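Novice: The sequence shown runs 7 to 574 under my numbering.
Heads up, the beta-carbon is just placed ideally off N, CA and C, and yes, glycines get one too.
In this text, all values refer to a predicted model and were calculated from it rather than measured experimentally.
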Amino acid sequence: MKLFRIVLYVIAVCGIIYSWDNFGRDFFMKNFYHTSVDENINSNEPPKVDEKIIEKPEKVEITETPIKTGPISFEKGFENVAKKAMHSVVNVATMQLVENTERQSIPDIFKGFPFDDIFKDFFDAPQKKQKLRKANALGSGFIVQVDKKAKRAYVVTNNHVVEKSKKIIVSLSDKTELPATIHAVDSRTDIAVLCVDLNNLDFNIEKLQPVKWGDSDKLNEGNFVVAIGNPFGLGSTVTNGIVSAKGRNLSMGMPSLNFVDDFIQHSAPINLGNSGGCLLNIYGEVIGINNAIFSTSGGNIGIGFAIPSNIAKITVEQLIKFKRTFRGWLGAEVHSVYAKQAESVGLAKHSLESSKVFGAYVARVVSNGPAAKCGIKVGDIIIEFNGKKITENCSLQSAVGTAEIGKSVKLKVWRQKEGSNWGEVELSVKVGDFEKAMKDGELDSKVPEENGNSETIKEMNIESLGITVSALPEQYKSDYPKNVKVIVTKVEEDSGSSFYGPVFKPGDGFISADNKQITNVSQLKGIIDGILKNKNNRNRPIPFIVVRGGSQMMIATTLDFTEKENNK
């Protein structure tokens with residue numbers, strides 16, 4: 007039966023196809039496809055055709071339009087970029103004198119005696135006599151300016167490459183070696199400018215070609231970049247990659263002394279010896295100075311960092327012309343305020359962007375500095391400076407550093423007023439001179455703190471925070487500001503409500519909790535218990551002001567309500 011049906015289906019399909027080929031197409035053409043023929047014409051007469059339709063078309067000239075090509079091609083890759091910049095990149099070799107303490111070994115006559123350990127301690131102890139030994143270091147650099155009249159050339163590299171150098175040699179791509187001296191350095195950006203004096207050398211200065219600066223602000227994640235440097239002393243080496251991220255803050259050393267907080271992260275392979283080399287865009291323009299790598303093995307794993315050209319260019323120009331930099335100074339140590347911290351003080355509504363920055367928290371104010379004179383207080387959050395809102399794209403560090411020295415500018419702070427109320431306050435500050443303040447030793451002076459009374463009681467556990475606290479012991483009072491009365495003595499790793507683990511650390515000193523000054527342990531416990539009584543506080547970030555490692559900072563965290571619910 008099934009076979010019979012299949013045969014019928016096949017016959018039907020073949021019949022439809024045959025009918026269409028013989029009758030359907032003619033029917034369709036006759037009834038529907040007649041847009042250019044008059045419907046009323048006699049089929050025996052030839053159709054009349056409008057003469058305009060058969061006029062000869064005008065002669066059309068076809069011109070070939072060249073296809074625009076970019077600076078790179080799949081065949082040649084980055085060849086043009088490398089050729090353009092290769093002769094501007096140099097290898098930097100330095101010689102340093104390092105003190106080497108001599109140690110005397112135990113004479114054979116004393117070895118094996120019962121008092122061998124005593125003799126060992128004596129002979130192994132550092133001796134007063136010290137020797138200076140030579141140490142060599144390798145790095146990279148690039149030519150930024152050539153003064154043909156004075157027969158001088160200026161080379162940019164990293165400060166850590168030439169720091170404490172006694173002798174510097176720069177090598178060109180053709181292996182020509184030229185002596186160089188340090189012209190000026192800026193430790194805050196880790197940039198050094200070298201001077202190559204050609205007055206007494208038989209050398210054609212025309213061979214030195216400076217590179218051009220590019221605009222690092224125009225870079226976007228995913229853009230191609232090319233790195234040229236001297237890895238491991240092998241000589242000029244070209245690598246390529248992409249921009250992996252912008253605005254990376256490496257937080258190297260003291261935050262107040264570092265000016266670069268928005269490094270370019272890229273994947274172009276760089277290694278030891280690439281420091282000071284240039285990072286180029288596809289047009290051969292310098293958009294960064296390679297400065298550091300992140301590595302677990304010492305070799306490249308595709309994470310390199312470069313100083314943005316828009317910071318480097320201004321710094322280099324000032325170093326060449328004045329042998330110093332001119333940067334604004336506020337006289338305050340600050341930390342970024344993120345979403346949860348901003349929400350805890352009413353500065354912002356709930357935000358899922360945990361990395362978004364809403365301002366700069368003032369952790370310390372320098373006495374007699376611009377910040378202290380204009381009325382900025384520890385605990386203020388600076389949200390705007392000189393018309394620029396402080397965000398992840400515009401840090402207070404860069405806003406102050408690029409401001410004109412001596413100029414009075416407006417700034418806005420978010421300040422705790424009465425009780426738990428915070429509000430905006432507008433101030434005017436006269437921008438100071440950072441280099442002058444550093445020279446005069448004004449960077450480390452602190453504003454005097456007020457005295458306060460404290461109550462000493464035993465330790466107390468606060469499970470909703472996952473910590474144990476106690477009154478500040480007498481022997482540690484000199485290590486904390488006078489307004490710290492309570493410290494963290496123990497942290498429970500599996501307690502607290504933070505997804506990323508404990509937010510407090512042993513040794514943290516409490517200044518305030520939920521915008522209330524902390525004077526003793528029982529008061530801190532009372533504040534936390536009061537918050538737990540209200541279920542509406544379950545997801546509310548609670549602000550804490552603590553001192554950690556000598557610096558004041560803001561912490562915001564939600565409380566763990568588990569204990570409260572289990573007790574019901």
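In this structure, does DSSP put Asp153 in helix, strand or coil?
Specialist: The answer is strand: DSSP assigns Asp153 an E or B state.
Novice: Kindly indicate which residue of Phe238, Tyr482, Glu227, Ser484 has the alpha-carbon position closest to the one of Leu144.
Specialist: Of the candidates Phe238, Tyr482, Glu227, Ser484, the one whose C-alpha sits nearest the C-alpha of Leu144 is Phe238.
Novice: Here's the rule: buried if 16 or more other CB atoms are within 10 angstroms of the residue's CB, otherwise exposed. What is Lys491?
Specialist: Lys491 comes out buried.
Novice: Helix, strand or coil: which one does DSSP assign to Val266?
Specialist: Val266 falls in the coil class under three-state DSSP.
Novice: Could you give the residue range of the beta strand (DSSP E) that holds Asn164?
Specialist: Taken as a continuous stretch (DSSP letters only), the beta strand (DSSP E) holding Asn164 covers 158-164.
Novice: Hey, is the region 153-168 in contact with the region 193-208, meaning 3+ C-beta pairs nearer than 8 angstroms?
Specialist: Yes, they touch.
Novice: What is the rounded straight-line gap between the Cα of Glu461 and the Cα of Thr525?
Specialist: With a pLDDT of only 49 at Glu461, under 50, the local geometry of the prediction cannot be trusted, and no value is derived from it.
Novice: If you follow the beta strand (DSSP E) that Ser557 is part of, which residue opens it and which one closes it?
Specialist: Residues 557-563.
Novice: So what's Ile548 in DSSP terms, helix, strand or just coil?
Specialist: It is a strand residue.
Novice: Counting Cβ pairs closer than 8 angstroms, one from the region 391-402 and one from the region 463-477, do we hit at least three?
Specialist: Contact fails: fewer than three Cβ-Cβ distances are below 8 angstroms.
Novice: List in chain order: all unbroken alpha helix (DSSP H) runs of 4+ residues lying wholly within the region 314-386.
Specialist: With a minimum length of 4 residues, the continuous alpha helix (DSSP H) runs that stay inside the region 314-386 are 315-328, 345-350, 376-380.
Novice: Please report how far the alpha carbon of Leu640 lies from the alpha carbon of Ser373, in whole angstroms.
Specialist: Not covered by the structure: residue 640. The range shown for the chain is 7 to 574.
Novice: Reducing DSSP to helix, strand and coil, say where Asp446 ends up.
Specialist: Looking at Asp446 - three-state DSSP - the assignment turns out to be coil, as it is neither helix nor strand.
Novice: Work out the CA separation of Asn97 and Ile551 for me, nearest whole Å.
Specialist: Roughly 49 angstroms between the two C-alpha positions.
Novice: Between Val553 and chain B, is there a C-beta pair that is closer than 8 angstroms?
Specialist: Here there is only one protein chain, and chain B is not present.
Novice: I'd like the list of long-range same chain contacts for Ile473, defined as Cβ closer than 6 angstroms, with 5 residues on each side in sequence excluded.
Specialist: Closer than 6 angstroms at the Cβ level, and outside the excluded window around Ile473, lie Val494, Val497, Phe510.
Novice: Give me, in chain order, the residues of the same chain whose beta-carbon lies closer than 6 angstroms to that of Ala377; leave out the 5 immediate sequence neighbours on both sides.
Specialist: Closer than 6 angstroms at the Cβ level, and outside the excluded window around Ala377, lie Leu336, Gly337, Ala338, Val371.
Novice: Determine the closest residue to Thr245 out of Lys252, Ala251, Val231, Leu256, with distance taken between C-alpha atoms.
Specialist: Residue Val231 is the option with its Cα nearest to Thr245.
Novice: Which residue comes first and which comes last in the beta strand (DSSP E) that contains Val494?
Specialist: Start and end: 492-497.
Novice: Looking at C-alpha atoms only, which residue of Ser94, Tyr289, Met101 is the closest neighbour of Gly83?
Specialist: Cα-wise, what sits closest to Gly83 is Tyr289.
Novice: CB Asp520 to CB Pro549, shorter than 8 angstroms?
Specialist: In this structure, Pro549 lies closer than 8 angstroms to Asp520 by Cβ.
Novice: By the DSSP assignment, the alpha helix (DSSP H) with Ser401 in it spans what residues?
Specialist: Per DSSP, Ser401 belongs to no alpha helix (DSSP H) and is neither H nor E.
Novice: Along the beta strand (DSSP E) that carries Asn467, what are the first and last residues, could you check?
Specialist: Looking at the DSSP string, the run of the beta strand (DSSP E) that includes Asn467 is 466-468.
Novice: So, for Glu430: in the same chain, excluding its five sequence neighbours on each side, which residues have a beta-carbon less than 7 angstroms away from its beta-carbon?
Specialist: For Glu430, where only same-chain residues beyond five positions count, the Cβ hits under 7 angstroms are Lys418, Trp420.
Novice: Does DSSP put Lys172 in a helix, in a strand, or in coil?
Specialist: DSSP places Lys172 in strand when its eight states are reduced to three.
Novice: Identify whether Ser222 lies in helix, strand or coil by the three-state DSSP scheme.
Specialist: Here Ser222 sits in helix by DSSP.
Novice: Assign Arg194 to one of three DSSP states: helix, strand, or coil.
Specialist: In the structure shown, Arg194 sits in coil (DSSP, three-state: anything other than H, G, I, E or B).
Novice: The alpha helix (DSSP H) spanning Asn246 covers which residue range?
Specialist: Per DSSP, Asn246 belongs to no alpha helix (DSSP H); it is in the beta strand (DSSP E), 243-254.
Novice: What does DSSP give as the partner residue(s) for Asp599 in the beta ladder?
Specialist: In the structure as shown, the chain starts at 7 and stops at 574, and residue 599 therefore has no counterpart that could be examined.
Novice: Can you tell me the Cα-Cα spacing of Ala99 and Val406, whole angstroms?
Specialist: Distance between the alpha carbons of Ala99 and Val406 is about 35 angstroms.
Novice: How big is the Cα-Cα spacing for Lys173 and Glu183?
Specialist: Approximately 13 angstroms, taken between the alpha carbons.
Novice: Compute the beta-carbon to beta-carbon distance between Asn543 and Leu565, rounded to the nearest angstrom, for a pair I have assumed lies under 8 angstroms.
Specialist: Contact holds; Cβ gap of about 7 angstroms.
Novice: How many angstroms separate the CA atom of Gly412 from the CA atom of Glu424?
Specialist: Computed Cα separation, rounded: 33 angstroms.
Novice: Flag this pair as yes or no: are the beta carbons of Phe148 and Val217 separated by less than 8 angstroms?
Specialist: Contact: yes.
Novice: Among Gly220, His341, Ser171, Phe440, which residue has its Cα nearest to the Cα of Ser557?
Specialist: Closest option to Ser557, Cα to Cα, is His341.
Novice: Taking 8 angstroms as the cut-off, does the region 434-447 touch the region 301-309 (at least 3 CB pairs, one atom from each stretch)?
Specialist: No: fewer than three Cβ pairs fall under 8 angstroms.
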